[in-house]
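Numbering (my numbering), first residue to last: 28 to 226.
Contents: one structure, followed by commentary.
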Amino acid sequence: MYKLFQLLSMLLSESYQSQIYSTTALLNIQKMDRQFGLNVPAAVAEVPSWTIDHIGGIFRQAGREFFTDGGDEKPLTITAGGKSAVIDVVLSISQVDGKINMNSLNLNTSSGGDTLFEALLRSSLEEFLLEVQKTEVDAILAETLSSSFKQHVEALMNLDSLAHAESTTGNGKNWFKEITSISKIADDITAKEMEMIKK
28 MYKLFQLLSM
38 LLSESYQSQI
48 YSTTALLNIQ
58 KMDRQFGLNV
68 PAAVAEVPSW
78 TIDHIGGIFR
88 QAGREFFTDG
98 GDEKPLTITA
108 GGKSAVIDVV
118 LSISQVDGKI
128 NMNSLNLNTS
138 SGGDTLFEAL
148 LRSSLEEFLL
158 EVQKTEVDAI
168 LAETLSSSFK
178 QHVEALMNLD
188 SLAHAESTTG
198 NGKNWFKEIT
208 SISKIADDIT
218 AKEMEMIKK
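Spelled out as C-alpha coordinates, the structure:
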(Lines of atoms letter the chains of each structure in order from A; the text may use other names.)
(Lines give C-alpha, C1' and ligand atoms only; values in the text may rest on other atoms or scores of the structure.)
Protein backbone atom coordinates (compact mmCIF):
# COMPACT_ATOMS: atom_id res chain seq x y z
CA MET A 28 0.00 0.00 0.00
CA TYR A 29 2.85 2.37 0.83
CA LYS A 30 4.34 1.81 -2.61
CA LEU A 31 0.98 2.58 -4.15
CA PHE A 32 0.80 5.92 -2.31
CA GLN A 33 4.32 6.70 -3.48
CA LEU A 34 3.34 5.99 -7.05
CA LEU A 35 0.18 8.06 -6.81
CA SER A 36 2.18 11.02 -5.56
CA MET A 37 4.24 10.79 -8.75
CA LEU A 38 1.12 10.68 -10.88
CA LEU A 39 -0.36 14.05 -10.04
CA SER A 40 -1.56 15.94 -13.08
CA GLU A 41 0.88 18.13 -14.98
CA SER A 42 -1.24 21.17 -14.19
CA TYR A 43 -0.94 20.49 -10.47
CA GLN A 44 2.76 19.76 -10.80
CA SER A 45 3.30 23.11 -12.49
CA GLN A 46 1.72 24.81 -9.47
CA ILE A 47 3.95 23.08 -6.94
CA TYR A 48 7.06 23.24 -9.15
CA SER A 49 8.10 26.73 -8.01
CA THR A 50 7.88 25.79 -4.35
CA THR A 51 9.71 22.51 -4.93
CA ALA A 52 12.43 24.21 -6.95
CA LEU A 53 12.91 26.84 -4.23
CA LEU A 54 13.25 24.18 -1.54
CA ASN A 55 15.75 22.32 -3.70
CA ILE A 56 17.80 25.46 -4.26
CA GLN A 57 17.87 26.13 -0.52
CA LYS A 58 19.40 22.69 -0.04
CA MET A 59 22.04 23.21 -2.69
CA ASP A 60 24.66 24.79 -0.43
CA ARG A 61 26.79 21.64 -0.82
CA GLN A 62 25.95 21.07 -4.46
CA PHE A 63 26.69 22.83 -7.71
CA GLY A 64 24.19 21.29 -10.08
CA LEU A 65 24.92 19.31 -13.21
CA ASN A 66 28.30 19.69 -14.83
CA VAL A 67 27.02 20.32 -18.36
CA PRO A 68 29.88 20.69 -20.87
CA ALA A 69 30.64 24.26 -21.86
CA ALA A 70 31.63 23.18 -25.37
CA VAL A 71 28.51 22.95 -27.54
CA ALA A 72 29.97 20.07 -29.55
CA GLU A 73 30.20 17.93 -26.40
CA VAL A 74 26.62 18.48 -25.24
CA PRO A 75 24.87 15.89 -27.47
CA SER A 76 27.01 12.91 -26.40
CA TRP A 77 26.95 14.08 -22.77
CA THR A 78 23.16 14.38 -22.87
CA ILE A 79 22.66 10.91 -24.35
CA ASP A 80 25.01 9.40 -21.75
CA HIS A 81 23.16 11.24 -18.99
CA ILE A 82 19.76 9.95 -20.12
CA GLY A 83 21.20 6.44 -20.36
CA GLY A 84 22.62 6.85 -16.87
CA ILE A 85 19.16 7.64 -15.51
CA PHE A 86 17.78 4.42 -17.00
CA ARG A 87 20.76 2.51 -15.60
CA GLN A 88 20.23 3.94 -12.12
CA ALA A 89 16.60 2.84 -12.34
CA GLY A 90 17.92 -0.69 -12.84
CA ARG A 91 16.78 -1.07 -16.44
CA GLU A 92 18.66 -2.12 -19.54
CA PHE A 93 18.83 0.29 -22.45
CA PHE A 94 20.35 0.42 -25.88
CA THR A 95 20.70 2.95 -28.68
CA ASP A 96 20.18 2.65 -32.41
CA GLY A 97 20.88 5.06 -35.24
CA GLY A 98 22.72 8.33 -34.81
CA ASP A 99 24.99 10.41 -37.03
CA GLU A 100 22.69 11.62 -39.81
CA LYS A 101 19.83 9.36 -38.70
CA PRO A 102 17.52 9.86 -35.71
CA LEU A 103 18.86 8.24 -32.55
CA THR A 104 16.53 5.86 -30.71
CA ILE A 105 17.07 5.13 -27.02
CA THR A 106 15.14 2.10 -25.83
CA ALA A 107 14.81 1.26 -22.14
CA GLY A 108 13.16 -2.01 -21.31
CA GLY A 109 11.51 -3.25 -18.16
CA LYS A 110 9.58 -6.45 -17.55
CA SER A 111 6.22 -5.04 -18.66
CA ALA A 112 7.06 -1.53 -19.87
CA VAL A 113 9.28 -0.30 -22.69
CA ILE A 114 10.25 3.33 -23.34
CA ASP A 115 11.36 4.47 -26.81
CA VAL A 116 12.89 7.94 -27.11
CA VAL A 117 13.70 9.18 -30.61
CA LEU A 118 16.09 12.14 -30.83
CA SER A 119 17.37 14.02 -33.84
CA ILE A 120 20.73 15.77 -33.67
CA SER A 121 21.34 18.64 -36.08
CA GLN A 122 24.45 18.26 -38.22
CA VAL A 123 24.64 22.06 -38.40
CA ASP A 124 24.60 23.24 -34.80
CA GLY A 125 24.44 19.99 -32.82
CA LYS A 126 21.04 20.82 -31.32
CA ILE A 127 19.03 17.89 -29.96
CA ASN A 128 15.30 17.70 -30.64
CA MET A 129 13.01 15.03 -29.27
CA ASN A 130 11.01 13.60 -32.15
CA SER A 131 8.94 11.32 -29.96
CA LEU A 132 8.70 9.45 -26.68
CA ASN A 133 6.53 6.34 -26.67
CA LEU A 134 5.67 4.11 -23.76
CA ASN A 135 4.23 0.64 -24.18
CA THR A 136 3.09 -1.44 -21.24
CA SER A 137 1.53 -4.86 -20.75
CA SER A 138 -1.88 -3.16 -20.95
CA GLY A 139 -1.01 -1.21 -24.10
CA GLY A 140 -0.03 2.45 -24.35
CA ASP A 141 0.01 4.58 -21.21
CA THR A 142 -0.74 8.21 -22.06
CA LEU A 143 -0.38 9.42 -18.45
CA PHE A 144 3.17 8.24 -17.81
CA GLU A 145 4.07 8.98 -21.42
CA ALA A 146 3.04 12.63 -21.01
CA LEU A 147 4.95 12.98 -17.73
CA LEU A 148 8.12 11.46 -19.19
CA ARG A 149 7.88 13.50 -22.39
CA SER A 150 7.32 16.88 -20.73
CA SER A 151 10.03 16.41 -18.10
CA LEU A 152 12.60 15.23 -20.66
CA GLU A 153 11.75 18.08 -23.04
CA GLU A 154 12.30 20.64 -20.27
CA PHE A 155 15.63 19.03 -19.41
CA LEU A 156 16.79 19.06 -23.04
CA LEU A 157 15.87 22.71 -23.44
CA GLU A 158 17.78 23.76 -20.32
CA VAL A 159 21.05 21.89 -20.98
CA GLN A 160 21.23 23.36 -24.50
CA LYS A 161 20.91 26.99 -23.48
CA THR A 162 23.80 29.38 -24.05
CA GLU A 163 23.95 29.93 -20.30
CA VAL A 164 22.87 26.79 -18.49
CA ASP A 165 21.44 27.05 -15.00
CA ALA A 166 23.24 24.04 -13.54
CA ILE A 167 21.01 23.80 -10.48
CA LEU A 168 17.82 24.02 -12.54
CA ALA A 169 19.24 21.41 -14.93
CA GLU A 170 19.81 19.10 -11.98
CA THR A 171 16.26 19.71 -10.73
CA LEU A 172 14.80 18.90 -14.16
CA SER A 173 17.00 15.82 -14.46
CA SER A 174 15.78 14.66 -11.04
CA SER A 175 12.17 15.19 -12.12
CA PHE A 176 12.64 12.96 -15.17
CA LYS A 177 14.47 10.39 -13.04
CA GLN A 178 11.61 10.30 -10.51
CA HIS A 179 9.10 9.58 -13.28
CA VAL A 180 11.30 6.80 -14.66
CA GLU A 181 11.74 5.28 -11.19
CA ALA A 182 7.98 5.44 -10.52
CA LEU A 183 7.31 3.71 -13.83
CA MET A 184 9.88 1.01 -13.12
CA ASN A 185 8.46 0.42 -9.63
CA LEU A 186 5.08 -0.06 -11.22
CA ASP A 187 6.68 -2.29 -13.83
CA SER A 188 8.11 -4.52 -11.09
CA LEU A 189 4.75 -4.76 -9.33
CA ALA A 190 3.02 -5.66 -12.59
CA HIS A 191 5.62 -8.31 -13.36
CA ALA A 192 5.29 -9.83 -9.88
CA GLU A 193 1.61 -10.51 -10.60
CA SER A 194 2.01 -11.43 -14.26
CA THR A 195 1.57 -15.15 -13.52
CA THR A 196 -1.89 -14.49 -12.07
CA GLY A 197 -2.97 -12.42 -15.05
CA ASN A 198 -3.44 -9.34 -12.86
CA GLY A 199 -0.16 -7.63 -13.69
CA LYS A 200 -1.55 -5.36 -16.41
CA ASN A 201 -4.22 -4.09 -13.99
CA TRP A 202 -1.56 -2.07 -12.16
CA PHE A 203 -1.20 0.22 -15.16
CA LYS A 204 -4.94 0.40 -15.80
CA GLU A 205 -5.86 1.15 -12.18
CA ILE A 206 -3.14 3.74 -11.67
CA THR A 207 -4.25 5.53 -14.85
CA SER A 208 -7.90 5.45 -13.71
CA ILE A 209 -7.05 6.77 -10.25
CA SER A 210 -4.87 9.49 -11.76
CA LYS A 211 -7.72 10.66 -13.99
CA ILE A 212 -9.89 10.96 -10.90
CA ALA A 213 -7.10 12.96 -9.22
CA ASP A 214 -6.94 15.22 -12.29
CA ASP A 215 -10.67 15.91 -12.04
CA ILE A 216 -10.43 16.66 -8.32
CA THR A 217 -7.47 18.98 -8.89
CA ALA A 218 -9.31 20.82 -11.67
CA LYS A 219 -12.36 21.32 -9.44
CA GLU A 220 -10.21 22.55 -6.56
CA MET A 221 -8.49 25.06 -8.85
CA GLU A 222 -11.87 26.34 -10.03
CA MET A 223 -12.95 26.78 -6.43
CA ILE A 224 -9.73 28.66 -5.60
CA LYS A 225 -10.27 30.99 -8.56
CA LYS A 226 -13.75 31.82 -7.27
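Beta carbons: idealized from backbone N, C-alpha and C, even for Gly.
Quick caveat: nothing in here was measured; it's all calculated off a predicted structure.
Expected contact under 8 Å - CB spacing of residue i and residue j to nearest Å
| i | j | result |
| --- | --- | --- |
| T106 | F93 | 6 Å |
| I127 | Q160 | 7 Å |
| V67 | V180 | About 20 Å; that fails the 8 Å criterion. |
| L183 | A112 | 6 Å |
| T132 | R149 | Here the sequence assigns Leu to residue 132, which means Thr is not the residue at that position. Sure, about 4 Å apart at Cβ, within 8 Å. |
| S20 | N130 | With the chain running from 28 to 226 in the structure shown, residue 20 is simply not present. |
| T104 | V117 | 5 Å |
| F176 | I85 | 6 Å |
Three-state secondary structure assigned by DSSP to residue i
| i | result |
| --- | --- |
| A69 | coil |
| S111 | coil |
| E100 | coil |
| R61 | Because the pLDDT at R61 is just 39, under 50, the model does not fix this residue reliably, and the value given afterwards should be weighed accordingly. Residue state, collapsed to three classes: helix. |
| T162 | coil |
| A52 | Since pLDDT at A52 reaches only 49, below the 50 mark, its modelled position is unreliable, and the value read off the structure follows with that caveat. Three-state result, A52: helix. |
Bounding residues of the alpha helix (DSSP H) (the contiguous stretch that carries residue i)
| i | result |
| --- | --- |
| G83 | V74 to Q88 |
Delimiting residues of the beta strand (DSSP E) encompassing residue i
| i | result |
| --- | --- |
| S121 | Here S121 belongs to no beta strand (DSSP E), and DSSP marks it neither H nor E. |
Chain C within 8 Å of residue i, Cβ atoms only
| i | result |
| --- | --- |
| L168 | Structure shown: chain C not included; a single protein chain is present. |
Cβ contact (3+ pairs, closer than 8 Å) linking the segment 95 to 115 and the segment 164 to 174: Of all C-beta pairs linking the segment 95 to 115 to the segment 164 to 174, fewer than three are shorter than 8 Å, placing the two stretches out of contact.
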